[in-house]
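Participant: Sending over a structure as structure tokens; questions will come in a sec.
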Amino acid sequence: MTLRWDVLIGVFVYLILLSIIVGVIVLRKGMGQSGESYLYGDKKLGPWLSGVAMGVACIGALHCAGYMESASTLGMVTLWFTVPTGILFVILGTLMAPIYRKMGYNTIPEIFSNLFDHKTRMVASLIGLLFCFNLLSLETQGGAIIVSAITGIDLRVCLYVFMFCAFIYLLISGMWQVAYLNIINTAILYIGIVIAFIIVTMKLPGGWSGVDAFYAGQGLSQTLSFWSSDINLLLGFAFAITIGQIFTNLTDQGMLQYILTAKDAVTARKASFIAILVNTPFGCFTIAFGLAAWAIPQFASHGPKTSGFVMLLTYLPTFVVILVLAGFLVAVLSTWARCTMGISQIIINDFYLLFSKAENKEKFIPILSRLLILIVGLGAIVPAYFLPHMMLQGVFTFSLGMSLFGMMVIGLFWKRNSTAAFITMLISIIGSFIWEYSNLAAIIGAPGWFGSTYLNLIIILVFGVGLTYVLPGTKGFFAKGEYVSA
């Protein structure tokens, strides 16, 4: 790809100037200065600010670069990644969001401390950090792919360019800066993507029927099927990503920070349904771009990671390219901010404030938050450097937090035993990494589709449900009457 100076200047001027202007305005209004304000938005986010910010924070690298890459390797089955997002926002809005917000805690691990005990809080913190960091590395790769498409610079070099943009997006005034930027950029994101879709439709050789004909002619008609006949693909990707996303996102600190910082329980409920409107439609556009690009040899020759971006750069006028790529980039940045803020919140709330004996330790929170964001942001470059397949790596990533939601539901609605919760979550996180990165699955002859998602389901049932049943414990949170519906 060749360097497009016009696109480069347009995208980066828009991104950097907007980030700085919004950050400074917010800071001058007195928001984002204290630790509570920087990390949690003073817990005053309204339904639209919270809902739109959360919805776009769940549109990230996997929805942009990941969808276009997977269109050529997995096909329409990739859209299964979108299905669980709508489901989990419904569950969040109807049930979990008001519960989380009414409890009044700052982090998910802190809720585990109240439901179970201190050691359970620690393992919940570990799982939350591992999930956020894994997702952060995928967002970093996705951001670098977009930057590479704009600049023509080597993809691995672009990891550092993207990181510079990400720091500006977040570091000035924290939660308030991200929330307002997400609101503004959602409009840019959808305006750009809709216009781009119309133009691409008009310029495709043979239109979308030509794309259909290409896959049919290659004997790849299944590529265009949402419900794949390949059982390994259906079980190993479609069902796995659905289960993993629903379980893990419902206890993900990064996503739920917009619920935990909402004004009240009613606001949290409304925000969840608003997020559906922002999030769910987006993936349909990017997977269409990926499928179209792979059907045209001049674009497919650039490989699955960048073919879709090359097509957009070729077909779209400069102004629309700037809108689309700026929109893609800020979508990735919104999820990048979700992850780094979630990590910062957990480390500060569940470690620093818990164990530090320093006087006036709260006054150091804004500085410490920024330092943590810098450290974990740079650290995420390391796994991103190896450029794993984004969507397939996403299946593993979204399996990591499944035991948290499993034990959350058990502790809220049935019975609480801290030993059962601790053992289940510890076995779950250790087992996930062993299963993913060792030859254990092959040694025991497990089918190819049986990944860490299904392993975690078994662990939750055997250890979570089994140990809770046989061990003594206290009644669930609801049974004790500690929660009153909002």
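So the sequence shown is numbered by the numbering used here: it starts at 198 and just counts up by one. We treat Cβ as the ideally placed atom computed from N, Cα and C, and that holds for glycine. Model, not experiment: these values are computed from the prediction.
#1: Alpha carbon to alpha carbon, how far is residue 543 from residue 509?
#2: Near residue 620, what residues of its chain come up, given a Cβ to Cβ distance below 8 Å and the 5 sequence neighbours on each side ignored?
#3: Consult DSSP for residue 671 and reduce its assignment to one of helix, strand or coil.
#4: Since I believe residue 255 is in contact with residue 594 (beta carbons under 8 Å), could you give me their beta-carbon distance rounded to a whole number of angstroms?
#5: From residue 610 to residue 455, what distance separates their C-alpha atoms?
#6: Just checking, does the stretch 464 to 473 make contact with the stretch 261 to 273 on the three C-beta pairs under 8 Å criterion?
#7: Assign residue 206 to buried or exposed, taking buried as 16 or more other Cβ atoms, counted over all protein chains shown, within 10 Å of its Cβ.
#8: Going straight from the alpha carbon of residue 258 to that of residue 226, what length do you get?
#9: List the endpoints of the continuous alpha helix (DSSP H) containing residue 575.
#10: Report the rounded CA-to-CA distance for residue 222 versus residue 379, giving the unit in angstroms.
#11: Measuring CB to CB, does residue 162 end up less than 8 Å from residue 224?
#12: Below 8 Å between beta carbons: does that hold for residue 657 and residue 588?
#13: Would the beta-carbon of residue 208 fall within 8 Å of that of residue 519?
#14: Please report the residue range of the alpha helix (DSSP H) in which residue 327 lies.
#15: Can you tell me whether residue 555 is helix, strand or coil according to DSSP?
#16: Do the stretch 637 to 647 and the stretch 426 to 435 make contact, defined as three or more Cβ pairs closer than 8 Å?
#17: Should residue 446 go down as buried or exposed, given a rule of 16 or more other Cβ atoms within 10 Å for buried?
#18: Per DSSP, residue 613 is paired with what?
#19: Count the other CB atoms within 10 Å of the CB of residue 636; is the residue buried (16 or more) or exposed (fewer)?
#20: What did DSSP end up calling residue 205 once you bin it into helix, strand or coil?
#21: Would you give the residue range spanned by the alpha helix (DSSP H) that residue 306 belongs to?
#22: Do residue 232 and residue 526 come within 8 Å of each other at the CB atom, strictly closer than that value?
#23: Might you give, ordered along the chain, the residues of its own chain that have their beta carbon closer than 6 Å to the beta carbon of residue 310, omitting 5 neighbours on each side?
#24: Leaving out the 5 sequence neighbours to the left and right, which residues in its chain are closer than 7 Å to residue 331 when beta-carbon positions are compared?
#25: Taking residue 653 as part of the alpha helix (DSSP H), name the residues at either end of that continuous run.
#26: Return the Cβ separation of residue 419 and residue 272 in integer angstroms, given the expectation that the two are a contact with Cβ distance under 8 Å.
#27: Among residues of its own chain, excluding the 5 on either side of residue 360, which ones have a beta-carbon nearer than 6 Å to its beta-carbon?
#28: For residue 630, count neighbouring C-beta atoms within 10 Å of its own C-beta (all shown protein chains included) and say buried if the count is 16 or more, exposed if not.
#29: Counting only the same chain and skipping the five closest in sequence on each side, list residues whose C-beta sits under 6 Å from that of residue 322.
#30: Is residue 459 helix, strand or coil by DSSP?
#31: Can you give me the Cβ contacts of residue 282 inside the same chain, cut-off strictly under 7 Å, excluding the 5 residues immediately before and after it?
#32: Going by Cα to Cα distance, which pick from 211, 662 and 303 is closest to residue 460?
#33: Would you mind working out which of 640, 534 and 616 sits nearest residue 666, comparing C-alpha positions?
#34: If you compare alpha carbons, which of 214, 217, 278 and 251 is closest to residue 484?
#35: Taking C-alpha atoms, which residue in 564, 453 and 479 lies nearest to residue 529?
Facilitator: Quick look at the numbers:
#1: As a first step, residue 543 must be located in the sequence shown, where it is residue number 346. As a first step, residue 509 must be located in the sequence shown, where it is residue number 312. Using only the alpha carbons, I get a separation of about 39 Å.
#2: For the purposes of this step, residue 620 is taken as residue 423 along the sequence shown, with counting starting at 1. The residues are 660 and 664.
#3: Here residue 671 is taken as the residue at index 474 of the sequence shown, counted from 1. In the structure shown, residue 671 sits in a strand (DSSP, three-state: E or B).
#4: Counting from one through the sequence shown, the residue named residue 594 turns up at place 397. Counting from one through the sequence shown, the residue named residue 255 turns up at place 58. Contact doesn't hold; Cβ gap of about 13 Å is too wide.
#5: Taking the sequence shown and counting its residues from 1, the one referred to as residue 610 is at position 413. Taking the sequence shown and counting its residues from 1, the one referred to as residue 455 is at position 258. Roughly 24 Å between the two C-alpha positions.
#6: Below 8 Å, too few C-beta pairs join the stretch 464 to 473 and the stretch 261 to 273 to call them touching: fewer than three.
#7: By one-based count along the sequence shown, residue 206 stands at place 9. By the neighbour-count rule (16 or more Cβ atoms within 10 Å), residue 206 is not buried but exposed.
#8: Start at 1 with the first residue of the sequence shown, and residue 258 comes out as number 61. Start at 1 with the first residue of the sequence shown, and residue 226 comes out as number 29. The straight-line gap separating the alpha-carbon atoms of residue 258 and residue 226 is approximately 32 Å.
#9: Start at 1 with the first residue of the sequence shown, and residue 575 comes out as number 378. Looking at the DSSP string, the run of the alpha helix (DSSP H) that includes residue 575 is 562 to 576.
#10: Within the sequence shown, numbered from 1, the residue matching residue 222 stands at position 25. Within the sequence shown, numbered from 1, the residue matching residue 379 stands at position 182. Near 15 Å, if we compare the C-alpha coordinates of residue 379 and residue 222.
#11: As displayed, the chain neither begins before 198 nor continues past 683, which places residue 162 out of reach and without an answer.
#12: In the sequence shown, counting from the first residue as 1, residue 657 sits at position 460. In the sequence shown, counting from the first residue as 1, residue 588 sits at position 391. Not in contact: residue 657 and residue 588 (Cβ atoms no closer than 8 Å).
#13: Numbered from 1 along the sequence shown, position 11 holds the residue referred to as residue 208. Numbered from 1 along the sequence shown, position 322 holds the residue referred to as residue 519. Taking 8 Å as the cut-off, the beta carbon of residue 208 is found closer than this to the beta carbon of residue 519.
#14: Position 130 of the sequence shown holds residue 327. Annotation: the continuous alpha helix (DSSP H) that includes residue 327 extends over 315 to 348.
#15: In the sequence shown, the residue the question calls residue 555 occupies position 358. Look at residue 555 here: in three-state DSSP terms it is coil, with no helix or strand label.
#16: Yes, the stretch 637 to 647 is in contact with the stretch 426 to 435.
#17: Counted from its first residue, the sequence shown places residue 446 at position 249. By the beta-carbon neighbour count (other beta carbons within 10 angstroms, threshold 16), residue 446 is buried.
#18: Position 416 of the sequence shown, counted from the start, is the residue given in the question as residue 613. Beta-bridge pairing links residue 613 to 671.
#19: Position 439 of the sequence shown, counted from the start, is the residue given in the question as residue 636. Of the residues assessed, residue 636 falls on the exposed side of the cut-off, its CB having fewer than 16 other CB atoms within 10 angstroms.
#20: Here residue 205 corresponds to residue number 8 of the sequence shown, with the count starting at 1. For residue 205, the three-state secondary structure derived from DSSP is helix.
#21: For this step, residue 306 is matched to residue 109 along the sequence shown. From DSSP, the alpha helix (DSSP H) with residue 306 extends over 305 to 312.
#22: One-based indexing of the sequence shown puts residue 526 at position 329. One-based indexing of the sequence shown puts residue 232 at position 35. The answer is no: Cβ separation not under 8 Å.
#23: Looking up residue 310 in the sequence shown gives position 113. Excluding positions up to five away in sequence, the list reads 318.
#24: Within the sequence shown, residue 331 is the residue found at index 134, counting from 1. Apart from sequence neighbours up to five positions away, the residues of its chain that approach residue 331 with a beta-carbon distance below 7 Å are 594 and 597, ordered along the chain.
#25: Taking the first residue of the sequence shown as 1, we reach residue 653 at position 456. Run containing residue 653: 649 to 656, per the alpha helix (DSSP H) assignment.
#26: Translated into the one-based positions of the sequence shown, residue 419 becomes position 222. Translated into the one-based positions of the sequence shown, residue 272 becomes position 75. Residue 419 to residue 272, Cβ: 7 Å. Contact.
#27: One-based indexing of the sequence shown puts residue 360 at position 163. Taken in chain order, the residues that qualify are 574.
#28: One-based indexing of the sequence shown puts residue 630 at position 433. By the Cβ-count criterion, residue 630 is exposed, with fewer than 16 other Cβ atoms from all chains shown falling within 10 Å of its own Cβ.
#29: Sequence index remark: in the sequence shown, residue 322 carries index 125 (1-based). These residues qualify, in order along the chain: 306, 543 and 547.
#30: Within the sequence shown, the letter at position 262 stands for residue 459. The answer is strand: DSSP assigns residue 459 an E or B state.
#31: For the purposes of this step, residue 282 is taken as residue 85 along the sequence shown, with counting starting at 1. Excluding five sequence positions before and after residue 282, the CB atoms of its chain that fall closer than 7 Å to its own CB belong to 255, 442, 476 and 477, given in chain order.
#32: The residue labelled residue 460 in the question sits at position 263 within the sequence shown. Closest option to residue 460, Cα to Cα, is 303.
#33: Taking the sequence shown and counting its residues from 1, one reaches residue 666 at position 469. Taking only the C-alpha atoms, the option nearest residue 666 is 616.
#34: Counted from its first residue, the sequence shown places residue 484 at position 287. For residue 484, the nearest C-alpha among the options comes from 278.
#35: Here residue 529 corresponds to residue number 332 of the sequence shown, with the count starting at 1. Of the candidates 564, 453 and 479, the one whose C-alpha sits nearest the C-alpha of residue 529 is 479.
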